[in-house]
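This report refers to the structure that appears directly beneath it.
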Amino acid sequence: SLAGIMLLEVFLVLGTVIIYFLFSKKKEETLPFKEGWWGKGQKPDIAEDATIRPFKVETTEEELSDLFRRLDQARFTEPLENSCFHYGINSVYLRKVVSYWKNQFNWKKQVEVLNKYPQFKTKIQGIDIHFVHVKPPRLPEGQSAKPLLMVHGWPGSFYEFYKIIPLLTDPASHGLSDEHIFEVICPSIPGYGFSEAPHKKDFNSVSAASVFYELMLRLGFNEFYAQGGDWGWLICTNLAQIAPSHMKGLHLNLATVTKVGLTQVLSILLGRHLPGLFGFQEEDVRRMFPFLEKGLYRILLESGYAHIQATKPDTVGCGLNDSPVGLAAYILEKFSSWTDLEFQNLEDGGLERKFNLDDLLTNIMIYWVSGCIVSSMRFYKENLQKGIGTQKHEKLTVQVPTGIASFPNEIMHTPQAWAQKKYTNIVSFHFMPRGGHFAALEEPELLAKDILQFVGKVEKEQLWKKK
Amino acid sequence: QTILCLLRSFEYSQKNAVLIPVAALGVGGMLVYWLRSRRKIETIEMGDGWWGSGERPLRVKEDESIRPFKIVTSDKEIEDLHRRLDKARYTPHVEGAAFHYGFNSSYLKKVVAYWRNQFDWCKQVEVLNKYPHFHTTIEGIDIHFIHVKPPYVPHGRAVQPLLMVHGWPGSFYEFYKIIPLLTEPARHGLNEGDVVFEVICPSIPGYGFSEAPHQQGFDSIATARIFHKLMNRLGFKEYYLQGGDWGSRVTTNMAQMLPQSVRGLHLNLVFVTKQGLGRLISIMLGAYVPWLVGLSREDARRVYPFMQKNFFDLMRESGYLHIQATKPDTAGCGLNDSPVGLAAYILEKFSTWTDKSFLHKDDGGLESKYTLDELLTNVMIYWVTSSIVSSMRYYKENFSKDPNLNAHSSVRVPTGIAAFPQEIVHTPLTWAKDVYKNIITYTYMPRGGHFAAFEEPKLLAQDIMQFVRKVEQL
């Protein structure tokens with residue numbers, strides 16, 4: 004009988020271990036929806052006003068003359084000799100931009116450009132959420148428009164999508180296949196542009212994802228696609244973790260991995276010589292190594308802004324909300340370096356090679372007229388203050404079908420081998436031939452094509468049902 | 004076998020005759036090496052530089068005149084400032100922010116209201132001009148400095164020249180309260196023996212009224228060399244040095260560069276960056292047995308919890324350093340155009356670096372240790388000289404060459420260290436000895452933070468004097 008008891012014990016232990024492994028493999032945790040109230044003061048007892056109100060961007064003479072006065076009295080500092088963009092923005096080039104801004108840039112005309120797409124505001128969790136909602140101008144017989152949520156980042160805005168929207172809502176008119184047509188929703192992250200800034204602490208990417216989830220439900224969408232880069236990457240990822248049953252597919256042009264494990268460390272050390280062992284392709288190796296130079300040093304040299312915004316946003320943003328030239332300098336520097344790091348060797352930062360000044364200044368004007376630079380920076384603190392890799396959502400995976408467009412001039416390259424540890428259902432991963440961080444604005448056609456082929460794959464095999 | 008026999012015979016008969024001279028040679032050699040390495044004073048090379056615009060003129064000798072200088076202002080300057088203050092655009096802070104998100108905008112509005120309505124810049128310029136200012140051209144740029152001599156020297160007392168170097172975001176003005184304590188100690192109740200100073204406070208090139216370098220590469224070593232040249236030009240062969248923040252690095256470089264000119268070095272901040280397994284182990288052990296690794300109880304109190312105080316706190320407070328060391332022209336651009344932005348950026352440091360607990364206060368505790376007049380005077384120096392961008396470039400120039408800010412050679416001149424409790428990071432004596440080999444005094448100051456000369460001038464003056472007294476007695 005003693006032997007019998009012992010055998011029973013062994014079986015029990017073995018059984019528990021087996022069951023644990025079986026269940027832990029199949030256990031798919033979702034991220035809980037984050038409730039919140041971000042308005043001023045106490046949350047009122049009455050039910051929230053859930054109406055969707057049309058919105059138009061407006062400007063006034065006073066706003067313009069105040070801007071011009073500030074541009075006129077701007078105080079510049081001469082750059083060091085031969086410094087190009089190595090010390091940050093070059094003030095000689097900045098003067099040219101300011102001169103254009105004063106004399107040729109037409110904000111009234113740009114406001115009309117902004118208003119060409121229908122915009123709305125609606126109150127969610129106590130704050131007004133601004134969004135653009137563009138429906139297709141025409142739909143072929145029997146086809147329905149697929150809802151696509153596109154989320155911007157910093158220092159961008161909903162305006163970054165203005166070039167890609169027509170390619171997605173009206174592909175046939177732009178030489179693209181019209182097998183899939185989208186209705187596009189581009190909200191502004193709370194604290195950015197025309198979305199109200201949260202009045203309470205702790206509004207992070209999960210909060211934004213929860214707010215956008217409510218928005219999509221309020222608009223009547225039960226199933227949708229989501230696309231994002233920069234903060235949009237994180238918010239859409241969180242959305243996929245909160246509401247996987249509603250998300251048909253997730254498309255990203257940035258896929259940073261924040262949980263660094265032993266495999267990653269080993270792949271950094273040995274990946275150059277044993278790429279196959281770690282699942283690296285030739286292009287991965289080309290983009291990632293030498294790692295110190297292309298990974299660590301690059302991040303250190305380019306992340307000063309993130310460090311100060313994640314710790315003292317109200318300080319660093321203060322002067323930028325008061326000096327339009329300072330604001331432009333701060334934002335334009337990113338549009339230079341993050342489009343191509345080599346642009347730092349150019350006296351003009353290469354800005355007008357990929358963008359035109361009208362587009363760049365329109366984006367900056369959105370930050371200026373809404374006075375949102377400080378609240379936009381607070382998002383860094385709310386997301387990063389506890390450190391990278393420590394939050395719950397960073398430990399959870401994403402099972403929603405995912406498509407990744409990997410642009411070559413992104414600050415740091417994430418190989419598919421790393422991405423698939425987090426995004427367990429990667430349907431497409433493509434190395435894009437050119438382009439940097441601001442993909443939608445810089446290479447709208449490339450990005451649109453990748454989104455279309457990804458959606459094509461998902462729809463063809465109805466992959467969202469197979470999760 | 005023959006060889007073995009030879010060796011054996013050699014062994015028994017010649018052993019002593021050979022071994023002793025060999026041993027003597029060996030010991031002698033080691034002795035000579037040791038003696039020479041002791042006397043060898045490691046110095047850093049002085050080098051040379053040119054920081055003016057364009058090419059260095061070849062045959063023209065530099066103008067070495069020392070020209071008196073007075074700070075001036077104008078109605079136009081003040082009206083422009085007032086206009087900008089009136090039009091300032093603020094962002095409401097989140098509820099309960101205090102100073103955790105940076106400078107609190109509600110309190111900022113109060114500071115700006117004072118600045119606009121009560122602060123009198125004309126009067127402050129007179130205050131600034133009460134000490135004699137000068138300009139002189141060195142290595143192509145105009146160096147500004149104040150030079151204060153004791154008004155009255157008792158018979159038989161020696162006057163020690165003392166060079167005091169400021170840091171960021173400070174200026175020569177930080178020393179205005181301590182100067183009288185050093186030039187006329189008796190009058191201020193400091194009878195610290197025979198010590199009286201004449202004080203020279205230069206502005207680091209790129210700061211305040213010193214011209215900013217036009218060329219890349221201007222770091223603390225270039226600064227050290229220029230300040231040696233300045234003291235030489237003023238006729239001093241030997242002098243004392245005092246510094247905190249960048250001033251600590253510059254004066255340390257000066258002591259490493261020309262030790263024979265430095266009678267003594269006094270610091271209120273010590274940068275010691277030696278890492279390594281030994282240091283790591285002593286940090287870990289020090290939490291439990293501080294005495295074992297040379298840490299005093301006060302050291303332990305100030306250094307631990309280690310991760311919190313030395314890593315997390317430092318990470319929280321070093322965002323400015325990261326962006327200034329990489330993109331100074333971007334970071335400073337808006338600050339040179341918005342006086343309110345400039346004030347917020349600078350005064351945030353005067354809050355947090357004076358006392359870390361000020362983060363929890365809605366007003367950042369600023370007026371508990373300073374007056375708005377003195378804080379705004381320092382900000383005005385950055386504003387009227389448009390020097391914020393060039394002041395930030397100093398971070399890039401120093402950190403690019405040497406991200407660890409390593410002291411490549413040791414400091415052998417007599418050194419005195421005043422360790423203030425609210426300094427951003429505490430360096431115990433044992434760690435300071437890594438670099439400073441000749442520490443004469445090390446004092447745990449009872450109170451005070453980073454801006455020691457500004458906040459606790461009397462405490463600092465007393466420590467400088469007792470250090471100098473000890474050095475003079477040697």
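Chains as they are written, first to last, in the numbering used here: chain A, 4 to 470; chain B, 4 to 477.
C-beta: ideal position from N, C-alpha, C; glycine also.
- Taking the Cβ atoms as the reference, A/Ile-245 lies roughly 5 Å from A/Phe-36, within the contact range of under 8 Å.
- At a cut-off of 8 Å, the C-beta of B/Ile-229 has no neighbouring C-beta in chain A.
- A Cβ-Cβ distance of about 19 Å is found for the pair A/Pro-418 and A/Asp-233, leaving them out of contact under the 8 Å criterion.
- It is roughly 32 Å from the alpha-carbon of A/Asn-85 to the alpha-carbon of B/Thr-46.
- For B/Thr-329, the nearest beta carbon of chain A is closer than 8 Å to its own beta carbon.
- Counting along the chain, the unbroken beta strand (DSSP E) around A/Cys-189 starts and ends at 185-190.
- In this structure the stretch 340-360 of chain A does not lie against the stretch 342-359 of chain B, because fewer than three pairs of beta carbons, one per stretch, are closer than 8 Å.
- With a threshold of 16 other beta carbon atoms within 10 Å, A/Val-263 falls short and is exposed.
- Rounded to the nearest whole angstrom, the CA to CA distance from B/Met-383 to B/Ser-341 is 12 Å.
- Fewer than three Cβ pairs drawn from the stretch 96-106 of chain A and the stretch 137-151 of chain A lie within less than 8 Å of each other, which leaves the two stretches out of contact.
- Boundaries of the beta strand (DSSP E) harbouring B/Val-199: 199-205, taken from the DSSP string.
- In its chain, beyond the 5 residues on either side, Ser-264, Arg-266 have a beta carbon closer than 7 Å to the beta carbon of B/Glu-241.
- The stretch 351-364 of chain A makes contact with the stretch 441-452 of chain A: 3 or more CB pairs, one atom from each, lie closer than 8 Å.
- With its beta carbon at least 8 Å from every one in chain B, A/His-440 lies outside the interface.
- Around A/Tyr-103, no beta-carbon contact reaches into chain B at under 9 Å, the shortest distance being about 17 Å.
- Ranked by how close their Cα comes to the Cα of B/Pro-135, the residues B/Ser-371, B/Met-448, B/Glu-201, B/Met-318 have B/Glu-201 in first place.
- The C-alpha of A/Met-380 lies about 11 Å from the C-alpha of A/Ala-200.
- According to the DSSP assignment, A/Lys-149 belongs to the beta strand (DSSP E) that extends over 149-154.
- In the DSSP annotation of this structure, A/Gln-284 is not part of any alpha helix (DSSP H), being labelled neither H nor E.
- Under the 8 Å Cβ criterion, the stretch 432-441 of chain B does not count as touching the stretch 76-90 of chain B, having fewer than three qualifying pairs.
- Closest in C-alpha terms to B/Lys-352, from the list B/Asp-89, B/Lys-133, B/Met-395, B/Gly-105, comes B/Gly-105.
- For B/Gln-219, the closest Cβ of chain A is nearer than 8 Å.
- With respect to the 8 Å criterion, B/Met-257 and B/His-217 are not classified as neighbours on the basis of their beta carbons.
- Secondary structure note for A/Ile-367: its alpha helix (DSSP H) is the uninterrupted segment 360-373.
- Sequence-ordered contacts of the stretch 326-350 of chain B with chain A read Ile-326, Gln-327, Ala-328, Thr-329, Lys-330, Pro-331, Asp-332, Thr-333, Ala-334, Gly-335, Cys-336, Gly-337, Leu-338, Asn-339, Asp-340, Ser-341, Val-343, Gly-344, Leu-345, Ala-347, Tyr-348 [C-beta pairs closer than 8 Å].
- A buried status is given to A/Val-458, since no fewer than 16 other beta-carbon atoms sit within 10 Å of its beta-carbon.
- The stretch 91-110 of chain B makes contact with the stretch 342-350 of chain B; the number of CB pairs closer than 8 Å reaches 3 or more.
- Between A/Val-187 and A/Val-116, the gap from beta carbon to beta carbon reaches 8 Å or more.
- Within the same chain, Cβ atoms closer than 8 Å to the Cβ of B/Ser-206 are found at Ile-146, His-147, Phe-148, His-169, Ser-174, Phe-175, Phe-212, Ser-213, the five residues on either side in sequence being excluded.
- The C-alpha of A/Trp-341 lies about 52 Å from the C-alpha of B/Pro-183.
- Taking the C-beta atoms as reference points, B/Thr-430 is found nearer than 8 Å to B/Val-273.
- Using a Cβ distance threshold of 8 Å, A/Pro-174 and A/Leu-455 count as a contacting pair.
- Using a C-beta cut-off of 8 Å, the stretch 117-131 of chain B makes contact with the stretch 374-392 of chain B, since at least three inter-stretch Cβ pairs fall below that distance.
- A Cβ-Cβ separation of about 14 Å leaves B/Ala-328 out of contact with B/Phe-221 under the 8 Å criterion.
- A Cβ of chain B is located within less than 8 Å of the beta carbon of A/Ile-311.
- Each of B/Gln-469, B/Phe-122, B/Trp-434 was checked against the Cα of B/Leu-283, and the nearest Cα belongs to B/Trp-434.
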